[in-house]
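**Student:** Residue numbers (the numbering used here): 6 to 834.
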Ligand SMILES: [Zn+2]
């Protein structure tokens, strides 16, 4: 069935099917042992119907049989992933016996081979349209049912699923019945995984990862279990409702697209979160907040599930808010909010200011595919900020009384945003229509500008939705001499007076209480280096960076302005957040500060080499002065590698001549190799040999990035073959290849691929689907092409209505990103 697009469920169809059916139970039996490319899937669905026509969702390789109430249904009726059914009034039993395909794109049942030992691993990702490629189902969030799962697997595998289970005979696993679940939660994690068990407060806990990561999982188990215990204790305290899904297993699985997925009882995480090398504190906070985020979903999303995908933002906003809050309040990572400021805020702001902005709530989501497009910084970060604001306004007592009422009223059921706001009103929240109308149901972000001459702060609503919003936040005002002060602001009109001295630096929304694009004036921008010199407040320093980043994106600061702050801030930075370069962002809006400086700001400077050189010197200075072995030193050295401009220096580090305290582990060596490759200091043969010597999963990804970065025609052609599907590779390698392809300074090699990108993108849906489809168009987009013609090509293709919707949206976002870069280029420094 490859290449034939499936029909995505329409909201109206979901409503009709929900009115017709009440589900009783699922029995799903999977045989993973027969073959390496396909698996057998046998499903029995018991349900009550009012009687009448409907359809079951099914995306198989082939169908062996389908029976409804004992009567055979012709498998040839299957069209676009649907089998029509004529249901009887009363009890029905549907039995589907089918053969499904293992996938390698992180959806459905993903199967991968660990390059370290050749062993095979499987996990299920049923989220958003993928469940029918695992089992026959009525795939919509509000048709919940209990599941009984059975799995046959190779005898050396262990199998974990949503409920506790056991191996009843060699290779045969049976699981207890789950509480009612939506289809998108159903998962199985199977393979020769390494398992660690524990218990807390009556909840059986588990961890697992690939066997080749056993040592690292054991080393991290204490921290992971501690975070889990602290999370449960705090969430039990906040919600007053116990975790409702029995056991809690956290599986770290290969080639996972998102950070994690909250499957009840069996959360799946991307396995680079099991650290195989020394990492920064920031990387640990990412993991800690992800652990807490998925735990929060067990209540918000899993116990009470959105009726339709248009309310999934509420799941994510709530999990983002609770995940960060709980991590900051009860774990060792009490700086989680500062981390969020560096890691998340620009992602949300750029999405909300960009061409694909949408309301946090009530975007319509006519079908599931459309809803998936809205899983962006708006749904996570803006929504979380708004919930944090609401919590500040209501206080914990009313805020959680409403939330708990929501969970109790809709326990194991479904609900809407309207239901939640009704619970808040019942809890005494009063009229919240200003929150829903002003913030949740309207698009775009206000800009708050400091107009020093007029003596005001000015609020400019977004052109897409000029709505009245009240902002409450704090300014920091730093004089040239003497101590700074904080000024609380209520901005409930288009301007509010602000009297400051001519040489006061004003940082807007220094605690990031509101949702706004800060636009400091030119005087403040020029004074930010001295603010950085005097401020030791981590949140203020983070806010300085966000003021500056927002100003830069809107044309209010030049690359030189930004670099002037960087060279002052980096050499005495005491947090590793602004220094770390933990990996390459999956999209330009997700760049961490150092990646943004190195990959975006420096190439746009009047003298890009000098700009990169200045960043390099600043990072290297910090790597030399920081405590040897500290994470600040590691982060600064990561920045030094990324900004290094000579193959000789990278080669000498590879040879072992690194600052004292830096340990050149496998991950750091590959980081050096990637940089060396981009600088032309190594070749394909060497890279292949080094991978063969230590073929781990992460090395394989770094190898792809390094090869694609090599400055030669053969390497670029190799990378392109992966984009066009000539060579089919798993998602992580595809990402690394695309990102390695476009290296600033290699335009003589990459220019031919600018036109080819726009020629080849439209046919990618023939060999790619789901998340990876639009992501690949982002990774392979010619962002280094500083040419208005490229923006025009992207704009033209984005307007092509015959093109896949998610691709069109991605093209608009990338064209906007490139256009902003060109605008920076056009302003003389
Ligand atoms: Zn989430």
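Just so it is clear, CB atoms sit at the ideal spot from N, CA and C, and this is done for glycine as well.
Mind checking whether residue 689 and residue 120 have CB atoms under 9 Å apart?
**Tutor:** No, the Cβ-Cβ distance between residue 689 and residue 120 is not below 9 Å.
**Student:** Could you tell me whether the Cβ atoms of residue 812 and residue 778 are closer together than 9 Å?
**Tutor:** In contact: residue 812 and residue 778 (Cβ atoms closer than 9 Å).
**Student:** Which of the three DSSP states is assigned to residue 390 in this structure?
**Tutor:** It is helical.
**Student:** Taking the continuous alpha helix (DSSP H) assigned at residue 747, which residues delimit it?
**Tutor:** Looking at the DSSP string, residue 747 is not in any alpha helix (DSSP H), and its letter there is neither H nor E.
**Student:** Kindly indicate which three-state DSSP category residue 752 falls into: helix, strand or coil?
**Tutor:** In this structure, residue 752 counts as helix in the three-state DSSP scheme.
**Student:** How would you call residue 566, buried or exposed, if buried means at least 16 neighbouring beta carbons within 10 angstroms?
**Tutor:** That one is buried.
**Student:** Flag this pair as touching only if the segment 572-586 and the segment 330-348 have three or more C-beta atom pairs under 8 Å; answer yes or no.
**Tutor:** Yes: at least three Cβ pairs fall under 8 Å.
**Student:** Helix, strand or coil: which one does DSSP assign to residue 788?
**Tutor:** It is coil, neither helix nor strand.
**Student:** Measure the Cβ-Cβ separation of residue 2 and residue 265 and say whether it is below 9 Å.
**Tutor:** Coverage of the chain is limited to positions 6 through 834, which leaves residue 2 absent and any answer about it impossible.
**Student:** Any heavy atom of ligand 1 closer than 8 Å to the CB of residue 397?
**Tutor:** No, the Cβ of residue 397 stays beyond 8 Å of every heavy atom of ligand 1.
**Student:** Taking the Cβ atom as the reference point for each residue, do residue 112 and residue 774 lie within a distance shorter than 9 Å?
**Tutor:** Yes, they are a contact pair.
**Student:** Measure the alpha-carbon distance for residue 471 versus residue 442 and round it to whole angstroms.
**Tutor:** Going by the C-alpha atoms only, they are around 12 Å apart.
**Student:** So, with DSSP's three-state summary, where would you put residue 12?
**Tutor:** In the structure shown, residue 12 sits in coil (DSSP, three-state: anything other than H, G, I, E or B).
**Student:** Whole angstroms is fine: what's the gap from residue 218's alpha carbon to residue 156's?
**Tutor:** The alpha-carbon atoms of residue 218 and residue 156 are separated by roughly 24 Å.
**Student:** Could you name each continuous beta strand (DSSP E) segment of 3 residues or more that falls completely within the segment 233-302, going from the start of the chain to the end?
**Tutor:** With a minimum length of 3 residues, the continuous beta strand (DSSP E) runs that stay inside the segment 233-302 are 253-258 and 271-275.
**Student:** Taking 6 Å as the limit between beta carbons, can you name the residues of its chain near residue 510, skipping five residues before and five after?
**Tutor:** Contacts found: 483, 529, 532 and 536.
**Student:** Roughly how many angstroms separate the alpha carbons of residue 738 and residue 122, rounded to a whole number?
**Tutor:** When rounded, the distance between both Cα atoms is 18 Å.
**Student:** Does DSSP classify residue 62 as helix, strand or coil?
**Tutor:** Strand, per DSSP.
**Student:** Taking the beta strand (DSSP E) that residue 451 falls in, what are its first and last residues?
**Tutor:** Per DSSP, residue 451 belongs to the beta strand (DSSP E) from 451-456.
**Student:** What's the call for residue 731, buried or exposed, on a 16-neighbour Cβ count within 10 Å?
**Tutor:** Residue 731 is exposed by the Cβ-count criterion.
**Student:** Taking only the alpha-carbon atoms, compute the straight-line gap between residue 521 and residue 437 and give it to the nearest angstrom.
**Tutor:** Whole-angstrom Cα-Cα distance: 20 Å.
**Student:** Have a look at the DSSP bridge pairing and note the partners of residue 201.
**Tutor:** Paired residues: 212.
**Student:** Taking 8 Å as the cut-off, does the segment 267-276 touch the segment 224-239 (at least 3 CB pairs, one atom from each stretch)?
**Tutor:** No: the two stretches stay apart, fewer than three of their Cβ pairs being nearer than 8 Å.
**Student:** Work out the CA separation of residue 278 and residue 386 for me, nearest whole Å.
**Tutor:** Going by the C-alpha atoms only, they are around 21 Å apart.
**Student:** For residue 571, which residues of its own chain have a beta-carbon under 7 Å away from its beta-carbon, when the five flanking residues on both sides are left out?
**Tutor:** Here the set comprises 602, 620 and 623.
**Student:** Can you tell me whether residue 324 sits near ligand 1, meaning its C-beta is under 8 Å from at least one heavy atom of the ligand?
**Tutor:** Within the cutoff, so yes.
**Student:** Please find out if some non-hydrogen atom of ligand 1 comes closer than 8 Å to the beta-carbon of residue 470.
**Tutor:** Flag unset: Cβ of residue 470 not near ligand 1.
**Student:** If we require 3 or more residues per run, which beta strand (DSSP E) segments fall completely within the segment 313-385?
**Tutor:** None, since the segment 313-385 contains no complete beta strand (DSSP E) of that length.
**Student:** Could you name the residues of the same chain whose beta carbon sits closer than 8 Å to that of residue 726, not counting the 5 residues immediately before and after it, in chain order?
**Tutor:** Result list for residue 726: 732, in chain order.
**Student:** Verify the CB distance criterion: does residue 621 have a CB-CB separation below 9 Å to chain C?
**Tutor:** The question asks about chain C, but that chain is absent: this structure has only one protein chain.
**Student:** Quick one, which of 493, 127, 425 and 393 has its alpha-carbon nearest residue 259's?
**Tutor:** That would be 127, whose Cα lies nearest to the Cα of residue 259.
**Student:** Kindly examine ligand 1 and report whether one of its heavy atoms sits closer than 8 Å to the Cβ of residue 388.
**Tutor:** Incorrect: residue 388 has no Cβ contact closer than 8 Å to ligand 1.
**Student:** Whole angstroms is fine: what's the gap from residue 354's alpha carbon to residue 83's?
**Tutor:** Using only the alpha carbons, I get a separation of about 44 Å.
**Student:** Can we count residue 552 as close to ligand 1, meaning its CB is less than 8 Å from some heavy atom?
**Tutor:** No, the beta carbon of residue 552 sits no closer than 8 Å to any heavy atom of ligand 1.
**Student:** Quick one: is the Cβ of residue 181 within less than 8 Å of any heavy atom of ligand 1?
**Tutor:** It does not: the Cβ of residue 181 is nowhere closer than 8 Å to a heavy atom of ligand 1.
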